[in-house]
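Residue 55 in the UniProt record's numbering sits at position 55 of the sequence shown, and the numbers go up by one each step. Using N, Cα and C, we set each Cβ at its ideal position, and we do this for glycine too. The block underneath contains the structure these notes are about, expressed in structure tokens.
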Amino acid sequence: MPVDRLLRAYSDLIPNIDLSLFLVCLAVAAAILLPIGVLYYGHTLAEFGGLSGLELEKLPKIKGSELARASDCCICLSSVEQDDSARSLPGCGHSFHLDCIDAWLVRWPVCQLCRFDLKPEPVPHWSNDS
1 MPVDRLLRAY
11 SDLIPNIDLS
21 LFLVCLAVAA
31 AILLPIGVLY
41 YGHTLAEFGG
51 LSGLELEKLP
61 KIKGSELARA
71 SDCCICLSSV
81 EQDDSARSLP
91 GCGHSFHLDC
101 IDAWLVRWPV
111 CQLCRFDLKP
121 EPVPHWSNDS
């Protein structure tokens, strides 16, 4: 039979065809799912963005000399020197260069090291309307 002979001749290519089909399906799934994920996370980042300028100003500013121990800024990987402006985050106490952490916090309202949430929770509004 010509079909049997054809299958025997190309039997070593069949696993490669299966792999190729799998990779094509994977690429199609990624092409569909990635934009959906970007749209979803883009929406949540816009809704729950970083800190405002007013919220940043409420966070304590310090000098490098006020740190309890020598510290490295994990954002820029440089040491916080004695005369550098720094910020020590309330709640977790991690310290960073002022410019480094402010640039981070306007995008994400969490500590860069431990992910402690710095965004103030909205105060619920209770009404007496029944």
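Inset, instruction - Could you give the DSSP three-state label for residue 78: helix, strand or coil? - result: Residue 78 sits at position 78 when you count from the first residue of the sequence shown. DSSP, read as helix, strand or coil, puts residue 78 in coil.
Inset, instruction - Indicate the three-state DSSP secondary structure (helix, strand or coil) for residue 106 in the structure shown. - result: For the purposes of this step, residue 106 is taken as the residue at position 106 of the sequence shown. DSSP places residue 106 in coil when its eight states are reduced to three.
Inset, instruction - Quick one: grab the DSSP three-state call for residue 22. - result: Translated into positions along the sequence shown, residue 22 becomes position 22. Residue 22: helix per DSSP, three-state reduction.
Legend entry - Three-state secondary structure (DSSP) of residue 84: In the sequence shown, residue 84 corresponds to position 84, counting from 1. Three-state DSSP puts residue 84 in coil, outside helix and strand.
Legend entry - Closest Cα partner of residue 100 within the set 92, 86, 91, 35: Position 100 of the sequence shown, counting from 1, holds the residue named residue 100. Among 92, 86, 91, 35, the Cα nearest to that of residue 100 belongs to 86.
Legend entry - Beta-carbon contacts of residue 53 that lie in its chain and below 6 angstroms, excluding the five residues immediately before and after: Locating residue 53 in the sequence shown gives position 53, counting from the first residue. Excluding residues within five positions, none has a Cβ falling inside 6 angstroms.
Legend entry - Bridge partners - residue 95, DSSP secondary structure assignment: As a first step, residue 95 must be located in the sequence shown, where it is residue number 95. Answer is 88, bridged to residue 95.
Legend entry - Reduced DSSP category for residue 119 - H, G, I as helix; E, B as strand; rest coil: Along the sequence shown, one-based indexing puts residue 119 at 119. Looking at residue 119 - three-state DSSP - the assignment turns out to be coil, as it is neither helix nor strand.
Inset, instruction - If I'm right that residue 93 touches residue 82 with Cβ under 8 angstroms, what's the distance once you round it to whole angstroms? - result: Looking up residue 93 in the sequence shown gives position 93. Looking up residue 82 in the sequence shown gives position 82. Contact between residue 93 and residue 82 does not hold, since their C-beta atoms are separated by about 19 angstroms, which reaches or exceeds 8 angstroms.
Legend entry - Sheet register partners of residue 61 (DSSP bridge): Numbered from its first residue, the sequence shown carries residue 61 at position 61. Bridge partners of residue 61: 87.
Inset, instruction - Compute the Euclidean distance between the alpha carbons of residue 45 and residue 5, then round it to the nearest angstrom. - result: The count along the sequence shown starts at 1 and reaches residue 45 at position 45. The count along the sequence shown starts at 1 and reaches residue 5 at position 5. Note on residue 45: pLDDT 48, under 50, position unreliable in the model; the coordinate value appears next. Roughly 59 angstroms separates the two Cα atoms.
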